[in-house]
Amino acid sequence: MTKNRHQTPQSAYIHIPFCEHRCAYCNFTLIANRQDLVPAFLEAIDRELQTLGQAMPIQTLFLGGGTPTYLSESELNQLFDSLDRWLPRQPHHETSVEANPNDISPAKLQLLTNRQVNRLSLGIQSFDNTKLRALDRSHTSDQCFASVQLTREWLDNVAVDLIFAAPGETQSTWQRDLETAVKLGVQHLSTYGLTFERGTRFWSDLQKQRIHRSEEDAELSMYRAAIATLTSAGFEHYEVSNFAMPGHRCRHNEVYWQGKTYFAFGPGAARFVDGQRETNHRSTTTYLKRMQQGSSPTAESETLADEDYARERLVFGLRRLEGIQFEDFHRDTGYSLESIGGAALRRYLQSGWLEISQDTIRLTRQGLFISDALWPDLLVAENANECAT
Amino acid sequence: MTHAACKHIRNFSIVAHIDHGKSTLADRLLEATGTITQREMKEQILDDMELERERGITIKARTVAMRYRRGKDEFELNLIDTPGHVDFHYEVSRALTCCEGALLLADAFQGVEAQTVANGYAAMEHDLTIIPVINKIDLSHARVDEVIEEMEQSLAIDPDEVVKVSAKTGIGAKELLDAIVDRVPPPTGDPDAELQAMVFDSHYDKFRGTIMYVRVMNGTVNKGDKVRLMRAGTNHDCIELGQFRPLRTPCEKLYAGQVGYLICNIKSIDDVHIGDTVCLAKSADLVKPLPGYKAPKRMVYCGLFPSDGQDFEELRDALGKLSINDPSFEFEPESSEALGFGFRCGFLGLLHMEIVQQRLEQESDVDLVQTAPNVTYEIVTNNGETLEIHRPQEVPDSGQIQEFRQPIVRVNLVQPTEYIGAVMKLCQDRRGTLVRTEYLSSTRAMLTYELPLAEVIYDLHDKLKSATRGYGTMDYEVIGYRPGDLVRMDILVNGKRVDALSIICNRHDADRRGRAVCKKLKSEIDRHMFEVAVQAAIGSRIIARETVPAMRKNVTAKCYGGDISRKKKLWAKQKEGKKRMKSIGQVDIPQKAFMAVLDTGEEK
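Chain order of the listed sequences is A and B. All the letters of the first sequence, read from the start, carry residue numbers 1164 to 1552 under the numbering used here. All the letters of the second sequence, read from the start, carry residue numbers 965 to 1568 under the numbering used here.
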């Protein structure tokens, strides 16, 4: 009945924890400027891949980070040798690599495309020098333009990330960023409102009031501007923060949102295999040590009960703007949408944050803007008391 | 007439303002009499409860019997320690009833303070022989002569009678012991008469049951006697009796004039009332109860609710356990639309309330929501009935109220003269009536005001301290109920009245307080997915309004494979946090918002 989450994964994520520099807003699993650890890391990844026991043909592969393109050409080749052996790509696969604008060169693009990479995701963040500096990025506006243009010459599936609500950012800076991305002809765009995370320099700057959060209304209008500009340019707004030209959605990310299974390798990487969510240890050095000792890299693990899985499926599925088909939900989880959503779902429908048309439930525009406030009640069962009323 | 057996007994207590060195002086007396050696001396042995240690005050009265040898005479000196705070006024008065003398202690630098005066008066009202004592004379900035003058001015103390000591170094301890022996009269009372013993305190021991602290007024009580608690009308076997030296030391009998303890296998403290009389069961008909018993009067009430409704029973157990050792605190179940099931708790005063709460927090794991404290009001209805109002929700419609009364206190405020103006303004702003101004010396004065208790308990002490740079002290005593122009102010959240947020206040303050409370609540309530209106109302008239605007944007961008577990945890935590808030309609109100009604709207 609930086969979805027990299917053999058709997807894999590889985490490359290296960057030349940690940006002030970033709390990802990475270590900056530790070239010396790369050989050990490549060995560790290979060891972790060996735990598969046999080659697992896959549909989507995603190399994220960190900055995968931080690796040298020979290192990248070594990595792809391991990947080709353990995670051979099936026909019509999607193989994505995240890249920094200042790492892009014809030689690297040549190598990546030779190794079956068919989608590149560029961490542009902005095309504006002042904003790039405010965000503590190590590349310039010129490098952004050049990298997109160069990548377009090699690949017809180019994605870029853009951050909005950076410290001091104005509406017009953001509008220019959006229009530039459209003009450059990228196929995919992810837009993120800047968040302040514990453990980053921005977090302490915020506490000390050296920088300030954007006003809620300003952030909202930037988000609205993204939706308006990109959809009118022909992009589909297919997930809360993701836009794609038709046929260019990120298939790998769709796996996450649709509750399908996936492998993951590398420090801090999270996998979902056989109904179990596991996260590797976040510390790169611990990860390396564990792989050298032959012990498990897993730091956290959670086996999902049927109902938990259904709740996840509901929440992460609703982040896709197409919504969830009742029938699909029942097929994947064994539960009816109504029984899982309960009173909260009814309340949200009534308030106009969710809507049902035909056989699908989805976020309304109003619901989209405040969607994070909806998830807690859908994700955690309401207590018995509330159910009774 | 003093019976021969009593000639060598002296019963006394020490009264003082907080921090004037009462406990340290008691320690020195214990040492000087050899009751306890220096090695055994834990600092301030009489304040043995941790909480008292923390706050530096004595809450429960302690008692200790000392042997003092002078020449060939041996004296039994019974020190009956008294609680140092106004909330425990009744306990103080019961303890003083058991003494013939009192050491009136003043700090050689701080001088006469509000509680020095109040406690001095209390001792005089009980006809005790007063031995004025000035402590800390070894301080370099001691101003002994001025303090003697202040004592003379405020309490008519004879300057020649003042004993000068340093409790820290022990200077004057011997002289003080001699003064006690020479000046405090031995107790009267007849060891051969029928037994009458005053219960002036009690505590609960989990192995021995209730331990009663008694002063035998007449007669003799022997181990094995069947005794009766006259108020409760219950009989008990006296299985152990003795004195505190300072640990419990059993003996065979206690006779008239002596102070000690009785253990009678009493498992419930409810039978033991402070101020009750113990007599022998067989002669109960022949004996009258000693005068002066009063049921403890709770002046301050607040609601305590478990923030998780599941913890109701746990909270009940915790409150029950506390009340075993503190019968002056009462609680009864109440239910609030906003907060669910909890307890209405009555306290002797605000300090008492704080102490009980701190103990609850220390001794149980229950997470509490406390509603703003209020005093006990009286309402005379149109049909002549007098209602005691312990919570604002009980106030009937204004049409049914003939008279709305509130407790009035007489407050003594002692401060350096330069702050008189500031203190008078403070009291006048709170609708105080000046009774008198007394100059204690050329630099210090005492103001006496009559003020509504409600105006005193919230923050008068803090305000006094800041208005006088910490030099002002105050003490108050309830003098009765008087009619006031009082109203009940309600708070509405999205049109729904939140019962736990109602307050009673003076009609003329209602607008200001209403605005302040609404503003405070606005800042405490998170943005919701819809607009939230916070209003203050008297009856059906809205007097203030604030609006919490609706949430406009709340959407996280990234949510990929690695984010799923993290986000799930975050949202589950948010949900948990929401559960701990109280939902009114669909509005989640954080717990600390329930104290928002204390915001008076005064300029800070």
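In this text, a Cβ means the ideal position worked out from N, Cα and C, and glycines have one as well.
Legend entry - Closest residue to residue 971 of chain B among B:1122, B:1045, B:1337, B:1153 (Cα-Cα distance): B:1153
Legend entry - Within 7 Å of chain A by C-beta, residues of the segment 1507 to 1540 of chain B in sequence order: 1515, 1516, 1517, 1518, 1519, 1520, 1521, 1522, 1523, 1524, 1525, 1526, 1528, 1529, 1532, 1535, 1536, 1538, 1539
Inset, instruction - Would you mind sorting residue 1247 of chain A into buried or exposed? The rule is 16 or more other CB atoms within 10 Å of its CB. - result: exposed
Legend entry - Closest residue to residue 1380 of chain B among B:1397, B:1405, B:982, B:1399 (Cα-Cα distance): Closest by alpha carbon: B:1405.
Inset, instruction - Have a look at residue 1184 of chain A and residue 1275 of chain B and give me their C-alpha separation to the nearest angstrom. - result: 50 Å
Legend entry - Proximal residues, the segment 1406 to 1424 of chain A versus chain B, C-beta separation under 9 Å: 1415, 1416, 1418, 1419, 1420
Legend entry - Short CB-CB distance (under 9 Å) between residue 1088 of chain B and chain A: no
Inset, instruction - Count the C-beta pairs between the segment 1199 to 1217 of chain A and the segment 1235 to 1254 of chain A that are closer than 8 Å, then say yes if the count reaches three, no if not. - result: yes
Inset, instruction - Answer with buried or exposed for residue 1448 of chain B, where buried requires no fewer than 16 other C-beta atoms within 10 angstroms of its C-beta. - result: buried
Legend entry - Under 9 Å between C-beta atoms of residue 1162 of chain B and residue 1239 of chain B: yes
Legend entry - Cβ-based burial, residue 1214 of chain B [other Cβ within 10 Å; buried from 16]: Answer is exposed; the Cβ neighbour count stays below 16.
Inset, instruction - Note down the Cα distance separating residue 1383 of chain B from residue 1558 of chain B, rounded to an integer number of angstroms. - result: 34 Å
Legend entry - chain B contact residues for residue 1564 of chain A, given Cβ-Cβ distances below 8 Å: The shown model of chain A, from 1164 to 1552, leaves out residue 1564 of chain A, and the question about it has no answer.
Inset, instruction - Report back the beta-carbon spacing between residue 1151 of chain B and residue 1197 of chain B to the nearest angstrom; my notes put them in contact at under 8 Å. - result: So it is not a contact: roughly 27 Å between Cβ atoms.
Legend entry - Residues sharing a beta bridge with residue 1379 of chain B, DSSP: B:1409
Inset, instruction - Assign residue 1271 of chain B to one of three DSSP states: helix, strand, or coil. - result: coil
Legend entry - Residue from B:1169, B:1035, B:1305, B:1219 with nearest C-alpha to residue 1227 of chain B: B:1169
Legend entry - Neighbourhood of residue 1307 of chain B by C-beta, 8 Å cutoff - its chain only, sequence neighbours within 5 removed: 1267, 1268, 1269, 1279, 1280, 1283, 1295, 1296, 1297, 1298
Legend entry - chain A within 9 Å of residue 1542 of chain B, Cβ atoms only: yes
Inset, instruction - List the endpoints of the continuous alpha helix (DSSP H) containing residue 1189 of chain B. - result: It is not in any alpha helix (DSSP H) - residue 1189 of chain B carries neither H nor E in the DSSP assignment.
Legend entry - Runs of beta strand (DSSP E) lying entirely within the segment 1505 to 1549 of chain A, each at least 3 residues, in chain order: 1517 to 1520, 1523 to 1526
Legend entry - Whole-number beta carbon distance between residue 1225 of chain A and residue 1415 of chain A, since they are thought to touch under 8 Å: 4 Å
Legend entry - Spatial neighbours of residue 1312 of chain B in its chain, beta-carbon cut-off 7 Å, leaving aside the 5 residues before and after: 1051, 1052, 1260, 1262, 1263, 1292
Inset, instruction - Would you identify the three-state DSSP class for residue 1354 of chain B, choosing helix, strand or coil? - result: Assignment of residue 1354 of chain B by DSSP, reduced to helix, strand and coil, places it in the coil class.
Legend entry - In DSSP terms, what residue 1548 of chain B is bridged to: Per the DSSP secondary-structure output, residue 1548 of chain B pairs in a beta bridge with B:1551.
Inset, instruction - Please list the segments of the alpha helix (DSSP H) lying wholly inside the segment 1394 to 1461 of chain B, counting only runs of 4 or more residues, in order along the chain. - result: 1417 to 1421, 1424 to 1431
Legend entry - DSSP beta-bridge partners of residue 1338 of chain B: B:1265
Inset, instruction - Check the Cβ-Cβ distances between residue 1403 of chain A and every residue of chain B, and say whether any is below 9 Å. - result: yes
Legend entry - the segment 1336 to 1351 of chain A in contact with the segment 1291 to 1301 of chain A per 3-pair CB rule at 8 Å: yes
Inset, instruction - Assign residue 1035 of chain B to one of two classes, buried (16 or more other C-beta atoms within 10 Å of its C-beta) or exposed (fewer than that). - result: exposed
Inset, instruction - Specify, as a first and last residue, the run of the beta strand (DSSP E) that residue 1363 of chain A falls within. - result: Neither: residue 1363 of chain A is in no beta strand (DSSP E) and is coded neither H nor E.
Inset, instruction - Using a Cβ-Cβ cut-off of 9 Å, state whether residue 1446 of chain A counts as contacting chain B. - result: no
Legend entry - Pair within 9 Å by beta-carbon distance, residue 1224 of chain B and residue 1206 of chain B: Judged by beta-carbon spacing, residue 1206 of chain B lies within the 9 Å limit of residue 1224 of chain B, meaning their Cβ atoms are closer than that value.
Inset, instruction - Taking only the alpha-carbon atoms, compute the straight-line gap between residue 1148 of chain B and residue 1419 of chain B and give it to the nearest angstrom. - result: Approximately 40 Å, taken between the alpha carbons.
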